[in-house]
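Asker: Here it is, the structure, as structure tokens.
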Amino acid sequence: MESITKNRQSPDVLRAMIERAYGPGQVPTGEGWADELGHGWFNVAYRIRLRDGADVVLKIAPPPHIEVMTYERGAMSIELNTLDLIRTQTSVPVPEVHFADRSRELCDADYFFMPYIDADNLGIVSGELPAAERDAFMAQLGAANREINSIGGPGFGPLAGPHDTSWRRVFTGIVEDVLTDGERRGVDIGWDYDTVRAVITEHAASLDEVTEPRLVEWDLWDSNVMVRDGRIACVIDHERAFYGDPLIEAGFTGTQLSAFGDPAPFMRGYGHPELTATQQVRRRLYCLHLMLIMVIETVYRGHTDTKQYDFARPLLDEAMALLGRTRR
């Protein structure tokens, strides 16, 4: 996926990063030792072959002069913190961080190295899998996601704070940031921004049911899952995590928006019963939040085609309809 947030670097800079992380003896020579991994949407990532033949991945944050959405600021620090939490407090497989550099001395952004995971990306191969095999993977993902959600937080909000005792205040603030981002860049979301704000306010009481802050990935789609030999080998891309309501996780999206697929295998693996009426309202708010981001981020990413916008805009209308607003 092409995006202006991808902070590509020259071979000389990549070599300097490798030397700092692994020492001069591992700096590769010749050609063909670096390949960009193209399926990411935000950071640039390279598959690097070190001089001893080991494959690693280098992930580089966006350049500082590129404007990102409010919730994406400091995303690499979020990912590093999340990896540490998951690795130390769960059995969910995540990459080891070999080296992280936030000095901005070699390039204009943070970066880190991790091992290359020799496995298939579930989001890429899922269309080729028998339905039973895909369902089995999604059930495994549900179980892994529940284990991640078992990690409690000191309060709702960003991992590094500030924290709040009210999920209502935090979530409505998250949505307000997204709406403000959209207004700042004049993004056409198909609705008056204040109408969306009114819908959020009308249904915000459903958020008060959430009283325990939990670590949530929010972005744990099948495209962030690596699989091998019938099992999840690794979960990647943890840069959007925060302390919130587990129901905001991606695996529950299909309970309200059928375009995101059947959620039953994920929910079965998670062990989550059918949603209550209040939970459905919350999940619809989370769907609206997701669709707002998918529409608005197309401008921030500088997408060169309208594929994502064209997908998300009708679903934003659908999310609004689920919350009682339809076009006259």
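When the letters of the sequence shown are read in order and numbered with UniProt numbering, they come out as residues 1 to 328.
Backbone N, C-alpha and C define an ideal beta-carbon position, used for all residues, glycine too.
Quick check on DSSP: helix, strand or coil for residue 226?
Answerer: Strand, per DSSP.
Asker: With residue 225 and residue 246 assumed to form a contact (beta carbons below 8 Å), what rounded beta-carbon distance in angstroms separates them?
Answerer: About 17 Å separates the two Cβ atoms, so there is no contact after all.
Asker: Which ranges does the beta strand (DSSP E) cover as unbroken runs of at least 3 residues, wholly within the stretch 95-173, from first to last along the chain?
Answerer: Runs found: 99-101, 111-115.
Asker: So for residue 48, helix, strand or coil by DSSP?
Answerer: It is a strand residue.
Asker: What residues are listed by DSSP as bridge partners for residue 196?
Answerer: None; residue 196 has no bridge partner.
Asker: Using a threshold of 8 Å, state whether the C-beta atoms of residue 220 and residue 198 are closer than that.
Answerer: Contact: no.
Asker: If you measure between the beta carbons of residue 232 and residue 308, is that distance less than 8 Å?
Answerer: Their beta carbons are not under 8 Å apart, which means residue 232 does not touch residue 308 by this criterion.
Asker: Hey, is the stretch 67-77 in contact with the stretch 170-189, meaning 3+ C-beta pairs nearer than 8 Å?
Answerer: Touching, per the Cβ criterion.
Asker: Examine the Cβ distances between the stretch 284-297 and the stretch 154-162 and report whether three or more of them are shorter than 8 Å.
Answerer: At 8 Å Cβ cutoff, the stretches do not touch.
Asker: Under 8 Å by Cβ, that's how I've got residue 56 and residue 50 pegged, so tell me the actual separation to the nearest angstrom.
Answerer: Confirmed, about 6 Å.
Asker: Give me, in chain order, the residues of the same chain whose beta-carbon lies closer than 8 Å to that of residue 172; leave out the 5 immediate sequence neighbours on both sides.
Answerer: These residues qualify, in order along the chain: 200, 201, 204, 207.
Asker: Less than 8 Å between the beta carbons of residue 148 and residue 236, yes or no?
Answerer: Contact flag unset, no.
Asker: Contact defined as beta carbons within less than 8 Å: I believe residue 19 pairs with residue 13. What is the distance between those atoms, to the nearest angstrom?
Answerer: About 11 Å; that fails the 8 Å criterion.
Asker: Keeping to the same chain, check which residues put their C-beta closer than 6 Å to that of residue 170; ignore five residues upstream and five downstream.
Answerer: Result list for residue 170: 156, 157, 164, in chain order.
Asker: Can you grab the Cα-Cα spacing for the pair residue 242 / residue 302, in whole Å?
Answerer: Residue 242 and residue 302: Cα-Cα distance of roughly 26 Å.
Asker: Below 8 Å on the Cβ atoms is my contact criterion, and I expect residue 167 with residue 244 to pass it. Report the Cβ-Cβ distance as a whole number of Å.
Answerer: With a Cβ gap of about 7 Å, residue 167 and residue 244 count as contacting.
Asker: What are the partner residues of residue 36, as DSSP defines its beta bridges?
Answerer: DSSP, once it has assigned bridges, lists 46 as partnering residue 36.
Asker: In or out: residue 213 buried (at least 16 other Cβ within 10 Å) or exposed?
Answerer: Result: buried.
Asker: Can you check whether the CB of residue 252 is closer than 8 Å to the CB of residue 263?
Answerer: Cβ distance < 8 Å, so residue 263 and residue 252 count as in contact.
Asker: Report the option in 305, 99, 78, 37 whose CA atom is closest to the CA atom of residue 7.
Answerer: Ranking the options by Cα distance to residue 7, first place goes to 37.
Asker: Anyone know if the C-beta pair for residue 48 and residue 61 falls short of 8 Å?
Answerer: It is not a contact, given that the beta carbons lie outside the stated cut-off.
Asker: Once the 5 residues before and after residue 267 are set aside, which same chain residues still bring their CB inside 7 Å of it?
Answerer: Counting only Cβ-Cβ distances below 7 Å, and skipping sequence neighbours, we find 142.
Asker: Which same chain residues, not among the five before or five after residue 94, have their C-beta less than 8 Å away from its C-beta?
Answerer: For residue 94, where only same-chain residues beyond five positions count, the Cβ hits under 8 Å are 83, 86, 87, 234, 235, 236, 238.
Asker: Thinking just about the alpha-carbon of each residue, which of 181, 97, 105, 107 is nearest to the one in residue 117?
Answerer: Closest by alpha carbon: 97.
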